[in-house]
Amino acid sequence: MARDFTLISYEHLLVALQQKGYRFVTFEEFLTTSPEGKIVIMRHDVDDKPLNSQHTAEIEHKLGIRGVYYFRIVRQSNDPAVIRAIAEMGHEIGYHYEDLALARGDFKKAMENFEKNLKYFREFYPVRTICMHGSPTSKWDNRKVWEKYKYKDFDIIGEPYLDLNFNSFCYLTDTGRKWNGDQVSIRDKVHSPHQFNFRKTKDIIKNIDALPEQVMITVHPQRWNDPMVPWVTELVYQNAKNLVKWLIIR
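In this note's numbering, the protein residues as written are 4 to 253.
Structure follows, in structure tokens:
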């Protein structure tokens, strides 16, 4: 049986969606053009191993697909050469913010850092959308900062968790290195009537006809590897991480 969470299976998913008539748009494009018909917002949370994100970006570029890549400010995500390369392919770049968690709940410091970090990422791309990083080991939900401040004051037009209508959108995420990882997800979850129990990528491919017209898919590119050693390493690491998150939730 073919391994899942490889770049090969990733490309198969993209091609299958295209063959079923889905058009890929960036989050920024969705917010500014309100496209109709069957659309997919392909979101990438670059939590670690940024070179993996360059590989998924190259596959998408080959297929004529534009996605949105959210980079963290921390060293394991923030690789200027990779950010620049992905932007040059035509993908959207956004800020994967975690300022409240990094500031340990200090809202004022969090916003000072947010403004500084946003300015940094705008050196590579005119960033107009942001997306929270879940920070599963922190007690702070990074979205809470917007209860005191407004991201639109920084010329930001959207945040997926706050600006998408999930009554219309189906949300699929590879959190936990599976597609039905709600039980090991701290914050990467939404309330939507479009619920599916997909575990493997091939399950999505087989059931594309059951999806609604509007879909957001979130992938963490560090999970997708063709070579056996990094593939096994990620599998073992993610299983251990899932156990920790399961214990935190409970």
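We put the beta carbon where it would ideally sit given N, CA and C, even for glycine. Computed from a predicted model, the values in this text were never measured in an experiment.
In terms of residues, what are the limits of the beta strand (DSSP E) holding residue i?
i      : result
Arg46  : 42-49
Ile76  : That residue, Ile76, is in no beta strand (DSSP E); it is neither H nor E in DSSP.
Ile96  : 95-100
Gln217 : 217-222
Thr176 : 172-176
Ile133 : 133-135
Following the continuous alpha helix (DSSP H) through residue i, name the residue where it begins and the one where it ends.
i      : result
Tyr164 : 163-166
Leu17  : 10-22
Met114 : 110-124
Arg87  : 83-91
Phe33  : 30-36
Thr204 : 204-209
Could you name the residues of the same chain whose beta carbon sits closer than 7 Å to that of residue i, not counting the 5 residues immediately before and after it, in chain order?
i      : result
Leu167 : Met219
Asp82  : Pro53
Ser138 : Glu101, Ala104, Asn145
Met4   : Low per-residue confidence applies at Met4: pLDDT is 43, beneath 50, and the placement is therefore not dependable enough to give any value.
Put residue i into one of helix, strand or coil per three-state DSSP.
i      : result
Val193 : coil
Gln198 : coil
Met4   : Any answer about Met4 is weak, because its pLDDT of 43 lies below 50 and its placement is not dependable; what the coordinates show is given next. Here Met4 sits in coil by DSSP.
Phe169 : coil
Arg69  : coil
Phe157 : helix
Arg226 : helix
Arg180 : helix
Arg107 : coil
Given 7 Å as the limit, tell me if residue i has its C-beta closer than that to any heavy atom belonging to the ligand FAD.
i      : result
Val232 : Ligands are entirely absent from the displayed structure, and the ligand FAD is therefore not among its contents.
How big is the Cα-Cα spacing for residue i and residue j?
i      : j      : result
Asn254 : Gly40  : This structure gives no information on residue 254, because the portion of the chain shown stretches from 4 to 253.
Tyr100 : Ile159 : 13 Å
Ile68  : Phe74  : 19 Å
Trp143 : Ile133 : 17 Å
His136 : Val232 : 27 Å
Ile42  : Phe169 : 14 Å
Val193 : Tyr174 : 7 Å
Phe127 : Ala19  : 31 Å
Met45  : Phe201 : 17 Å
Val28  : Gly70  : 7 Å
Trp149 : Trp227 : 32 Å
Thr236 : Thr176 : 20 Å
Ala90  : Arg131 : 14 Å
Lys153 : Leu34  : 17 Å
Asp156 : Pro230 : 44 Å
Asn242 : Lys147 : 29 Å
Trp234 : Ala84  : 24 Å
Lys65  : Glu32  : 20 Å
Leu16  : Pro215 : 16 Å
Trp182 : His223 : 12 Å
Residues in its own chain within less than 8 Å of residue i by CB, not counting five upstream and five downstream?
i      : result
Ser80  : Val49, Asp50, Asp51, Pro53, Phe74, His99
Ala213 : Phe199
Asp7   : Lys203, Thr204, Lys205
Lys23  : Lys41, Ile211, Asp212
Gly93  : His64, Arg69
Near residue i, which residues of its chain fall below 6 Å by C-beta distance, leaving aside the five closest residues on each side in sequence?
i      : result
Phe172 : Gln217, Met219
Met114 : Tyr152
Tyr25  : Lys41, Val43
When you compare the segment 4-17 with the segment 202-213, are there three or more beta-carbon pairs, one atom per stretch, that lie closer than 8 Å? Segments in contact, yes.
- Is the segment 106-118 touching the segment 44-54, taking contact as three or more C-beta pairs under 8 Å? The segment 106-118, when compared against the segment 44-54, does not touch it at the 8 Å Cβ threshold.
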